[in-house]
Amino acid sequence: MEGETLDSPSMSSKDDGNSDTLPTQMETWDHFTPYTDNNGKTRAECKCCERTYAVGPSMNVTSEMNNHTKTCKNHPDNQTIASSCGSVNEETRESWKFDQEATRKALARMIIIDELPFKFVENEGFRQFVSVACPEFIIPSRTAIIGDCYRLYFDEKNKLKTYFKITGQRISLTVDTWTSSQRLTYMCLTAHYINTDWKMQKVILNFIPRPTHKGDDVGTAVLGGKFLHMRCVAHIVNLIVKDGLKELNESIERVRTVVRYVLQSLAKLKKFNNFVVEEKVESKRSLCLDVPTRWDSIYTMLETAVIFQRVFERYEMSDADFRGDFMPDGPYGKIGLPTKYDWDMVERFVKVLQYFYKLIVQISGSLYVTSNMFLDEISEVDYMLKEWLRSDDDILVDMARQIKVKFDKYWGDVEKMNMMLYVAVMLDPRLKFSYVEYVLKNMYGLERGEQMGNLAKSVLCDVFEEYKKLHSSTTSHSSCTTPIEPGHHDLTETMVIRARRKKKYQQMISEIKGMDKSELDIYLHEELVNDSPTFDIIDWWKSHSPKFPILSRLARDVLAMPISIMATESAFSIGGCIIDNFLASLPPKMAQALICCQDWLHHTPIKPMEEECDFIQEIEKDITSSAGSKSNIIGL
1 MEGETLDSPS
11 MSSKDDGNSD
21 TLPTQMETWD
31 HFTPYTDNNG
41 KTRAECKCCE
51 RTYAVGPSMN
61 VTSEMNNHTK
71 TCKNHPDNQT
81 IASSCGSVNE
91 ETRESWKFDQ
101 EATRKALARM
111 IIIDELPFKF
121 VENEGFRQFV
131 SVACPEFIIP
141 SRTAIIGDCY
151 RLYFDEKNKL
161 KTYFKITGQR
171 ISLTVDTWTS
181 SQRLTYMCLT
191 AHYINTDWKM
201 QKVILNFIPR
211 PTHKGDDVGT
221 AVLGGKFLHM
231 RCVAHIVNLI
241 VKDGLKELNE
251 SIERVRTVVR
261 YVLQSLAKLK
271 KFNNFVVEEK
281 VESKRSLCLD
291 VPTRWDSIYT
301 MLETAVIFQR
311 VFERYEMSDA
321 DFRGDFMPDG
331 PYGKIGLPTK
341 YDWDMVERFV
351 KVLQYFYKLI
361 VQISGSLYVT
371 SNMFLDEISE
381 VDYMLKEWLR
391 SDDDILVDMA
401 RQIKVKFDKY
411 WGDVEKMNMM
421 LYVAVMLDPR
431 LKFSYVEYVL
441 KNMYGLERGE
451 QMGNLAKSVL
461 CDVFEEYKKL
471 HSSTTSHSSC
481 TTPIEPGHHD
491 LTETMVIRAR
501 RKKKYQQMIS
511 EIKGMDKSEL
521 DIYLHEELVN
531 DSPTFDIIDW
541 WKSHSPKFPI
551 LSRLARDVLA
561 MPISIMATES
571 AFSIGGCIID
581 NFLASLPPKM
591 AQALICCQDW
601 LHHTPIKPME
611 EECDFIQEIE
621 KDITSSAGSK
631 SNIIGL
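Numbering (the UniProt record's numbering), first residue to last: 1 to 636.
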């Protein structure tokens, strides 16, 4: 191939002001073969396409060689890049065209979704990656990417507003408060609804600074205070657990300290494991420390420690250093060793925490928990407390009595509870009104339970009538109008009047015979649906919406009401929701844009925290077992 004589100056580190995205001298020469032409001049030939370039003094790489390295179509690396940017088929590869604007928008989406700092675009590793993956892309500055993120927020906000305007979707609102390290208070407003495709949705509508945590202040910021109040189950459970942690603080601290003592050195842990074998304690669990602000981790730490109680007692009996460190003049003397009373208290508390832990996991999933579950969960708490109060275990009875005080404060007065929650249960075809009445009688007595059941049923009837007025015209419009098709203009007016009169007469006869029952009457008098582990209440109402067009609309709105405003990953926090330092350092408008837009852009739900912890523990076991005895304190 005929060569090109391009005598460019040698490439310095300052060329183009973008040296960190260019290949190094060594990397470039990997793609070329130097040779001397007939004129005695040094040239470089591409190993893939045989194109040649003049080489500068001292064998320095030229800018043309650098550019060719990135764009040579015959080079395997560049073919991989083309494939990664689009489909692997040849037709797409040839038609694909790089779009700087679309790529910048995708970068802004990535920064928002993955919670990356804006300076990420200046990181050396990212720039090197882009230089290989998509060399044509001009990386924006930190300032430019901030503007891109803000514009993306407004684009997504307008899409959301348009959706609600077109669909007229009814929503349930929840308000949560967050704090920052600067002691600023933020209000997070979230919409919950089931869309027209019968999919559960949760969307953050706003995230703004608020002056206080007080409910009155928050309430006036939402619809002028006109909203139905409902207590968050997870929040109340946290209050119950928090009181218990305060009450048992000394006992918990002693158990926590002996766990930390064993885990602080490999020698102590090895000795502890030897005692585990000698005491024949069979468990796959391992000692673990807790995060004091998360009671689920406290529960896990205590639950595991109780399993190894005999081992700790054996350690105390057999190891003089262990006993000495917990003597009054020892490093842990102020705390002391756990006594039998401490172990007994912790064991009972673990039993209580276990129940509430399962409850929180059950009700904190924002995309799979429907409001019809509320009554079941609350009635189970009431049942368990009554069982504990009847126990022969004085310690458990005392704990249950303290919890009952808190339970009655929030859920003891049924009239203060949101009646729509009972409506949700009656819209469960497996339960309906009979179950609501049964549960209320068990919780509050026969007379009071019957009164509250009748009140709940009247609320359902009132709400149904409201929906009937709103939607009956749209659902029955087609059946009430009989259009005259083209070609039938010869029908006499008398025949039309006769047909209408006959239809009205048939409707009157149906009403007289009592056959014109409402959708609600028909639904409530039908037999209960058999329960099964695979039953999906949303799918049931979706499939029965043709039969119950109005009632299904009501069910769609009511079942979306959240019984907890906390997601699983934050439901166990006893320190409240705290915004991270990066977001807290931003101006309120930017924090609002990032938090809201991230929620709108997420296409896949975040995995529950407990699943991630289990996954990491499994990986850790695999790594540990493969490392075997080769691992040491340095990790090499």
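Each residue gets a CB set at the ideal place from its N, CA and C atoms; glycine is no exception.
Could you check the C-alpha separation between residue i and residue j for me, to the nearest Å?
i: Ala144; j: Glu122; result: 12 Å
i: Val277; j: Val350; result: 24 Å
i: Asp382; j: Asp394; result: 19 Å
i: Arg556; j: Ile139; result: 46 Å
i: Asp408; j: Val425; result: 21 Å
i: Arg310; j: Ser251; result: 17 Å
i: Arg127; j: Phe118; result: 14 Å
i: Val55; j: Lys73; result: 22 Å
i: Trp178; j: Asp290; result: 23 Å
i: Pro34; j: Arg51; result: 12 Å
i: Thr257; j: Asn249; result: 12 Å
i: His235; j: Ser564; result: 8 Å
i: Pro338; j: Gly324; result: 14 Å
i: residue 641; j: Leu583; result: Any property of residue 641 remains undetermined from this structure, which presents the chain solely from 1 to 636.
i: Lys589; j: Ile208; result: 8 Å
i: Glu205; j: Pro533; result: Rather than Glu, the amino acid found at residue 205 in this sequence is Leu. Spanning the two alpha carbons is a distance of roughly 34 Å.
i: Ser545; j: Ile522; result: 13 Å
i: Leu389; j: Cys597; result: 48 Å
i: Met420; j: Leu427; result: 10 Å
i: Ile298; j: Glu313; result: 21 Å
i: Leu554; j: Met417; result: 20 Å
According to the neighbour-count rule (16 or more other Cβ atoms, all chains shown, within 10 Å of its Cβ), is residue i buried or exposed?
i: Arg142; result: exposed
i: Trp541; result: buried
i: Leu528; result: exposed
i: Val233; result: buried
i: Lys70; result: buried
i: His602; result: exposed
i: Lys161; result: exposed
i: Trp96; result: exposed
i: Gln402; result: exposed
i: Gly244; result: buried
i: Tyr341; result: exposed
i: Val352; result: buried
Excluding the 5 residues preceding and the 5 following residue i in the sequence, name in chain order all residues of the same chain whose CB lies nearer than 6 Å to its CB.
i: His192; result: Ser172, Lys202, Ala560 and Pro562
i: Glu136; result: Phe98
i: Ala305; result: Val255 and Val259
i: Met327; result: Gly333
i: Gly449; result: Leu440 and Lys441
i: Ile538; result: Trp198
i: Asp580; result: none
What did DSSP end up calling residue i once you bin it into helix, strand or coil?
i: Trp96; result: coil
i: Lys161; result: helix
i: Ile395; result: helix
i: Leu205; result: strand
i: Pro588; result: helix
i: Ile194; result: strand
i: Glu4; result: Any answer about Glu4 is weak, because its pLDDT of 37 lies below 50 and its placement is not dependable; what the coordinates show is given next. Coil, per DSSP.
i: Phe154; result: helix
i: Tyr422; result: helix
i: Arg170; result: coil
i: Phe356; result: helix
Keeping to the same chain, check which residues put their C-beta closer than 7 Å to that of residue i; ignore five residues upstream and five downstream.
i: Leu524; result: Lys432 and Phe433
i: Ile378; result: Trp411
i: Val439; result: Leu375 and Ser379
i: Lys270; result: none
i: Pro331; result: Asp325
i: Lys468; result: Ile550
i: Glu316; result: Phe322, Arg323 and Leu337
i: Leu263; result: Leu269, Leu287 and Leu289
Please list, in chain order, all residues of the same chain as residue i whose beta carbon is under 8 Å from its beta carbon, the five residues on each side excluded.
i: Ala267; result: none
i: Leu520; result: Leu460, Cys461, Phe464 and Leu551
i: Val369; result: Gln362, Ile363, Pro562, Ile563 and Ser564
i: Val346; result: Leu248, Ser251, Ile252, Val255, Leu302, Ala305, Val306 and Pro338
Out of the options, which one is the CA nearest neighbour of residue i?
i: Asn372; options: Leu385, Ala44, Tyr357 and Pro429; result: Pro429
i: Cys46; options: Leu205, Asn39 and Met65; result: Met65
i: Thr103; options: Ile522, Asp148, Asn206 and Met443; result: Asp148
i: Thr196; options: Ser181, Ser458 and Gly168; result: Gly168
Can a CB atom of chain C be found closer than 8 Å to the CB of residue i?
i: Cys596; result: This model lacks chain C altogether; it includes just one protein chain.
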